[in-house]
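Asker: Submitted below is the structure of interest, expressed as structure tokens.
2 protein chains.
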Amino acid sequence: MENKNPITVVIIEDDETIRNGFTYLINATENYKVLNSYSNVEDALIGLVNDKPQVILLDIELPGIKGIEAIPKIKHILPKTYIIMLTVYDNEDNVFNALTKGASGYLTKSDNTEKIIDAIQEVVNGGAPMSMNIAKIVIKSFHKNQNSPLTKRETEILEQIANGKSRSKIAKQMFIDLETVKSHIKNIYIKLNVHSREDAIKEAKNNKYI
Amino acid sequence: MENKNPITVVIIEDDETIRNGFTYLINATENYKVLNSYSNVEDALIGLVNDKPQVILLDIELPGIKGIEAIPKIKHILPKTYIIMLTVYDNEDNVFNALTKGASGYLTKSDNTEKIIDAIQEVVNGGAPMSMNIAKIVIKSFHKNQNSPLTKRETEILEQIANGKSRSKIAKQMFIDLETVKSHIKNIYIKLNVHSREDAIKEAKNNKYI
DNA sequence: AAAAAAATCCCCCGTATTGGGTTATACCGA
DNA sequence: TCGGTATAACCCAATACGGGGGATTTTTTT
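Spelled out as structure tokens, the structure:
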């Protein structure tokens, strides 16, 4: 029996019913063990030092320290632990905040509860489990607007500007004259109805032109 | 029988064995129909105008026009069609290029072939099917480096710089003096060992400090 | 082949920004 | 208490910036 080395899990979730439900579900699965569960981050940060789980299921909507703020704190004491976010809302900002801070997976509670087990297995295998709606949000964030008013060349130049390059550096790098770059930038500003690099970048990012 | 309105699919894939295999597999599934299959993009672009499929399975490694270059061309004539990329290699650049150009899903051929059917269903439902390894690449691209040499304040300022803001705008916005911003930038440059905004942004992005 | 769009280059102007040098103070967490 | 952090000051020369006028050539579309 491989029960000697189960995958260890800690649950941080304020709703007692859900917490106990997940605990029961996971413990009932062979090769998985819930070491501990907490109803808030404050307690968890103390207990986790001893628990040292491989995977943490972390609710986003928590009293006190929110789940997202907890991620860096957890990563600080347990850098190798995988964190899977649990939430009822698939708020876009939350998704990206959690991911940039180091969450490895993101599930909405509307998912079939058995998916939790699959997700735990998946992060341990180095994967990145996501609910269907979360995957959609993530993928959509990559999609560029196909209806940009900017031409190819203008888009190229605006991308360079967004990378912090000066007009003269852009000119050298693109093998065109500084005056040409200036012309393009003027046209970009007119098309985007802005008067500065800053606003051009903001406008372009908002509309996913770059 | 709901066979009257099957999910319509077109396959673009140069390997005849795979092409025929997928065609057979999909046609054998109730409620799915392969309208056509092509061995190259050139032919596909002509035929697609009539086919008008809901979903296209698109190989990345194709002779002539590559799969990635095909995406915008396909989107141009069929903006509403979902595109699922198929590939043997999970090359990072390819993944992000395909996604920014508008691919909705990304599967590696090492996946269980039955997953294809699930993926087709998933994009039609507005989802974003990904292989486990692809999901991992995507999620990892969001993760920030936790070992940044920059302080919180320095990181904040560098982010503003990356947004194209001038020192004076940063100062106003952060309610600190212009001289303070200058000091922070000087320190950022020293820590990152650079001498310009451009290089600071590049270095910070390379190391995922911002 | 003609018209339209995109890309290229030129000159002018005044103001603001940039990178770099040096020093200093208040605060705060280990 | 000590180093790191955030704050601020003063100096300087070089350049980058936004905006105003054009003009020409290449490419694309019709």
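One line per chain: the protein sequences are S and E, in this order. Under this note's numbering, the first residue of the first sequence is numbered 299, with each subsequent residue one higher. Under this note's numbering, the first residue of the second sequence is numbered 299, with each subsequent residue one higher. We treat Cβ as the ideally placed atom computed from N, Cα and C, and that holds for glycine.
Whose C-alpha, out of S:434, S:435, S:426, S:432, is nearest the C-alpha of residue 431 of chain E?
Answerer: Residue 431 of chain E has its Cα closest to that of S:426, out of S:434, S:435, S:426, S:432.
Asker: Candidates E:386, E:488, E:439: which alpha carbon is nearest residue 358 of chain E's?
Answerer: Answer by Cα proximity: E:386.
Asker: Can you tell me where the beta strand (DSSP E) with residue 364 of chain E in it begins and where it stops?
Answerer: Premise fails: residue 364 of chain E is in no beta strand (DSSP E) and is neither H nor E.
Asker: Does residue 473 of chain E come within less than 8 Å of chain S when only Cβ atoms are used?
Answerer: Judged by the 8 Å Cβ criterion, residue 473 of chain E is not in contact with chain S.
Asker: Helix, strand or coil for residue 475 of chain E, going by three-state DSSP, please let me know.
Answerer: Correct three-state label for residue 475 of chain E: coil.
Asker: Less than 8 Å between the C-beta atoms of residue 342 of chain E and residue 316 of chain E, yes or no?
Answerer: It is not a contact, given that the beta carbons lie outside the stated cut-off.
Asker: Jot down the residue ranges of each uninterrupted beta strand (DSSP E) in the segment 318-392 of chain E, minimum 3 residues, whole runs only, in chain order.
Answerer: As far as the segment 318-392 of chain E is concerned, its whole beta strand (DSSP E) runs of at least 3 residues are 330-336, 353-357, 380-385.
Asker: For residue 314 of chain S, which residues of its own chain have a beta-carbon under 8 Å away from its beta-carbon, when the five flanking residues on both sides are left out?
Answerer: So the qualifying residues of the chain are 337.
Asker: Residue 381 of chain S and residue 375 of chain S - do their beta-carbons sit closer together than 8 Å?
Answerer: No, the Cβ-Cβ distance between residue 375 of chain S and residue 381 of chain S is not below 8 Å.
Asker: With DSSP as the reference, label residue 507 of chain S as helix, strand or coil.
Answerer: Correct three-state label for residue 507 of chain S: coil.
Asker: Alpha carbon to alpha carbon, what distance is there between residue 469 of chain E and residue 475 of chain E?
Answerer: Looking at the two C-alpha atoms, the distance is approximately 6 Å.
Asker: How would you label residue 502 of chain S, buried or exposed, when you count the other beta carbons within 10 angstroms and need 16 or more for buried?
Answerer: Buried: at least 16 other Cβ atoms inside 10 Å.
Asker: Using three-state DSSP, classify residue 308 of chain E as helix, strand or coil.
Answerer: If DSSP states are grouped into helix, strand and coil, residue 308 of chain E belongs with the strands.
Asker: Using a cut-off of 7 Å between C-beta atoms, extract the partners of residue 495 of chain E located in chain S.
Answerer: Neighbours of residue 495 of chain E on chain S, chain order: 462.
Asker: Any Cβ of chain E within less than 8 Å of the Cβ of residue 467 of chain S?
Answerer: Closer than 8 Å to some Cβ of chain E, the Cβ of residue 467 of chain S qualifies, so yes.
Asker: Keeping to the same chain, check which residues put their C-beta closer than 6 Å to that of residue 456 of chain E; ignore five residues upstream and five downstream.
Answerer: These residues qualify, in order along the chain: 486, 502, 508.
Asker: Based on DSSP bridge pairs, tell me the residues matched to residue 400 of chain S.
Answerer: None; residue 400 of chain S has no bridge partner.
Asker: Could you name the residues of chain S that residue 434 of chain E contacts, counting a contact when the two beta carbons are closer than 8 Å?
Answerer: Under the 8 Å cutoff, chain S gives 424, 425, 426.
Asker: Could you please give me the residues that DSSP links to residue 428 of chain E through a beta bridge?
Answerer: E:404, per the DSSP bridge assignment.
Asker: For residue 400 of chain S, would you say it is in contact with chain E, using Cβ-to-Cβ distances shorter than 8 Å as the test?
Answerer: Cβ-Cβ to chain E under 8 Å: yes for residue 400 of chain S.
Asker: Which stretch, first to last residue, makes up the alpha helix (DSSP H) that contains residue 456 of chain S?
Answerer: First-last of the alpha helix (DSSP H) with residue 456 of chain S: 450-460.
Asker: Three-state secondary structure (DSSP) at residue 439 of chain E?
Answerer: Three-state result, residue 439 of chain E: coil.
Asker: Between residue 308 of chain E and chain S, is the shortest Cβ-Cβ distance under 8 Å, so that the two count as touching?
Answerer: Chain S, which has no Cβ nearer than 8 Å to the Cβ of residue 308 of chain E, makes this no.
Asker: How is residue 493 of chain S classed by DSSP in three states: helix, strand or coil?
Answerer: Three-state DSSP puts residue 493 of chain S in coil, outside helix and strand.
Asker: Would you give the residue range spanned by the alpha helix (DSSP H) that residue 463 of chain E belongs to?
Answerer: Premise fails: residue 463 of chain E is in no alpha helix (DSSP H) and is neither H nor E.
Asker: What does the Cβ neighbour count give for residue 347 of chain E, buried or exposed, with the cut at 16 atoms within 10 Å?
Answerer: Residue 347 of chain E comes out exposed.
Asker: Name the residues in the segment 330-347 of chain S whose C-beta lies less than 8 Å from a C-beta of chain E; which are they?
Answerer: The segment 330-347 of chain S vs chain E, Cβ under 8 Å: nothing.
Asker: Find the residues of chain S that neighbour residue 448 of chain E, judging by a C-beta separation of less than 9 Å, and give them in chain order.
Answerer: Those do not exist, as residue 448 of chain E stays about 15 Å from chain S at its closest Cβ, beyond 9 Å.
Asker: Is residue 314 of chain S helix, strand or coil when you go by DSSP?
Answerer: In the structure shown, residue 314 of chain S sits in a helix (DSSP, three-state: H, G or I).
Asker: Of the residues S:323, S:326, S:411, S:467, which one's Cα is nearest the Cα of residue 429 of chain S?
Answerer: Measuring from the Cα of residue 429 of chain S, the nearest candidate turns out to be S:411.
Asker: Reducing DSSP to helix, strand and coil, say where residue 419 of chain E ends up.
Answerer: Helix.
Asker: Which residue's Cα is closest to the Cα of residue 379 of chain S: S:400, S:393, S:396?
Answerer: Checked all of S:400, S:393, S:396; the closest Cα to residue 379 of chain S is S:400.
Asker: Closer than 7 Å by beta-carbon distance: list the chain E residues that pair up with residue 499 of chain S, in chain order.
Answerer: Correct list: 461, 462.
Asker: Taking Cβ-Cβ distances below 8 Å as the criterion, which residues of the segment 383-400 of chain E are in contact with chain S?
Answerer: Those residues of the segment 383-400 of chain E that come within reach of chain S (Cβ to Cβ, closer than 8 Å) are 394, 397, 398, 399, 400.
Asker: According to DSSP, is residue 446 of chain S helix, strand or coil?
Answerer: Here residue 446 of chain S sits in coil by DSSP.
Asker: From S:482, S:464, S:478, pick the residue whose C-alpha is nearest to that of residue 494 of chain E; which is it?
Answerer: The candidate whose alpha carbon is nearest that of residue 494 of chain E is S:464.
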